[in-house]
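Position 273 of the sequence shown, counting from 1, maps to 288 under our numbering, and the rest follow consecutively.
What follows is a set of notes on a single structure, which appears directly below.
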Amino acid sequence: MSQLDAVTGAFSFSGAAIARELLKRGQQVRTLTGHPDRTPAGTQIDGRPLDFRDPDGLRESLTGVHTLYNTYWVRFAHGTINHDVAVANSRVLFAAAVAAGVQRIVHISITNPSHDSPDSYFRGKAAAEQALAESGIPGYAIARPAILFGSAGVLVNNVAWLLRRVPVFAIGGRGDYRLRPIHVNDLGALCTDLGARTDTIVLDAVGPESLTFRQFVEAIRAAVASRSLVIPVPGVLIPVLAGALNVALRDTLLTPDEYRSLAAGRADSAGPATGTTVFTQWVQAHGTELGRRYLNELDLHFRAA
C-alpha cells in the first residue's frame with residue numbers, strides 16, 4: 016500500500032506542485048486547506064480543513080500520515096492575521112502532527128531568515144523554523160526558496176501585467192540587488208526528495224541562475240515584448256509608488272518591508288542550485304501567456320474566503 020502524506024494548501028501554488036509530485040511517485044495525498052470549498056471535482060486528493068482553532072481536528076486529520084509538507088504562511092498582514100499569528104498557527108500545526116504520530120515534516124521557509132531582521136516576514140520565518148526544531152518531530156527538512164516562478168505564479172505574472180500596460184516601470188536604485196528564482200516544479204521535486212530522507216537538513220531552494228533585479232525585470236519585459244521604459248528611481252520612492260498601485264488595484268502588490276528585504280539581498284543565496292530550470296529561458300518560452308490578466312492576492316487568499 017502506498018504511503019499517505021499530507022500537504023497544507025495542495026490546491027495553491029507551491030502546495031500543488033508538491034502534491035503533483037507525490038501523486039506522480041505513487042503516494043496517497045491528503046490536504047489541509049483553509050478553503051475546503053475550493054476542492055476541485057474529481058481530485059485524487061483527500062481534503063480536510065486547516066483550522067488552527069481546532070487542534071483536535073488537525074490531529075485527527077493527520078492521523079495515519081507519514082510526512083507532512085507544510086507550505087502554510089501569510090505573505091503580509093491583513094485584518095487580524097499577521098506574521099506573529101502565522102508563527103502561533105505553525106506551532107499548533109506542528110504540535111498536532113507530533114500528537115498524530117507524523118514521522119517527518121518538510122517545511123517551506125525563506126532564504127536568509129533571521130530573528131534580527133527588521134522585516135517581520137523574515138523574523139517570523141526564523142521563529143517558525145525554531146518552532147519546528149523544538150516540536151519533537153522525529154525528523155524534519157527545511158527548504159528555503161526566495162522567488163518562485165511558474166505558470167500560476169503571482170509575482171512574475173503581475174510584473175508582466177504591469178509591463179504590458181505602463182509606459183514606465185520604476186526600479187529602486189540601480190536594481191543591482193540579486194535574486195535566485197526557482198521554478199515551482201523544481202521546488203516540488205526537491206521537497207518530495209527531502210520527504211524521502213530521514214536526516215535533519217536545512218538548505219536553500221534556488222535555481223541555477225543568479226540575476227540582478229533589473230535583469231529579472233528586463234527578461235520579463237523582453238518576453239512579453241513590452242515597450243515600457245525601465246528606469247531607476249531613489250529607493251525611498253518605491254514604497255510610495257507601490258502604495259499608490261495597491262490602492263488602484265485593491266491589492267497588496269508590494270509592501271515596504273518586501274522592497275527593503277529585496278534591496279538588502281535577502282532573495283539571494285550563495286548555495287548550490289537545487290533546481291534546474293533557467294528563469295530567463297522559461298520566461299522567454301512563456302512570454303505570450305504571462306500578464307494577460309492580473310492576479311489579485313487579496314482575492315485569492317482573503318476576499319474569496
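Beta carbons: idealized from backbone N, C-alpha and C, even for Gly.
Inter-residue Cα distance where the pair is residue i and residue j
i    : j    : result
A319 : F184 : Confidence in A319 is poor, its pLDDT being 48 and thus under 50, which makes the residue's placement unreliable; the coordinate value appears in the next sentence. Between A319 and F184, the C-alpha separation is close to 30 angstroms.
R236 : S124 : 29 angstroms
A25  : L47  : 8 angstroms
R179 : G168 : 17 angstroms
D20  : G41  : 11 angstroms
G165 : R68  : 33 angstroms
V255 : S276 : 16 angstroms
F28  : R189 : 31 angstroms
T267 : H50  : 20 angstroms
A115 : W176 : 44 angstroms
L315 : P249 : 31 angstroms
Y155 : L205 : 14 angstroms
T126 : S132 : 12 angstroms
A300 : G151 : 45 angstroms
P128 : D191 : 21 angstroms
A257 : Y309 : 15 angstroms
S17  : G203 : 19 angstroms
L313 : N261 : 11 angstroms
R35  : A56  : 16 angstroms
V44  : A278 : 38 angstroms
Which residues DSSP lists as bridging residue i, in chain order
i    : result
A156 : V121, I216
I246 : A185
A34  : Looking at the DSSP assignment, A34 forms no beta bridge with any residue, so it has no partner.
T46  : V22, G62
N85  : H122
A197 : The amino acid at residue 197 is misidentified as Ala; the sequence shows Ile. According to DSSP, which records beta bridges pairwise, I197 is partnered with L163.
I96  : H93
Test item: CB-CB of residue i and residue j under 8 angstroms
i    : j    : result
T207 : I60  : no
R193 : G280 : yes
G286 : D219 : yes
P70  : V107 : yes
A161 : A282 : yes
F91  : A146 : no
I253 : G187 : yes
V217 : A288 : no
A142 : V102 : yes
Nearest to residue i (by Cα), restricted to the options the options
i    : options                : result
Q230 : V298, G165, A156, V22  : V298
A148 : G203, G94, T215        : T215
S76  : H93, V102, A112        : A112
A263 : N311, Y87, G30, F91    : N311
D66  : S105, T78, A300        : S105
H130 : H98, S150, L108        : H98
P153 : A56, T213, P64, F228   : T213
D52  : G62, E304, L37, V239   : G62
L244 : S17, P182, L226, L38   : P182
F228 : V239, V251, I246, S241 : I246
S284 : R265, T78, S225        : S225
Y87  : D134, L209, G94, E144  : E144
is_contact[residue i, chain C] using C-beta, thresh 8 angstroms
i    : result
Q145 : No chain C is part of this structure, which consists of one protein chain only.
Spell out a yes or no on whether the region 77-92 and the region 107-123 are touching, meaning 3 or more CB-CB pairs, one atom from each, closer than 8 angstroms. yes
Are the region 133-150 and the region 190-199 touching by the rule of at least three beta carbon pairs closer than 8 angstroms? no
At least three beta-carbon pairs within less than 8 angstroms, the region 292-302 to the region 260-276: no
Inter-stretch contact at 8 angstroms, needing at least 3 Cβ pairs: the region 169-177 / the region 223-235: yes
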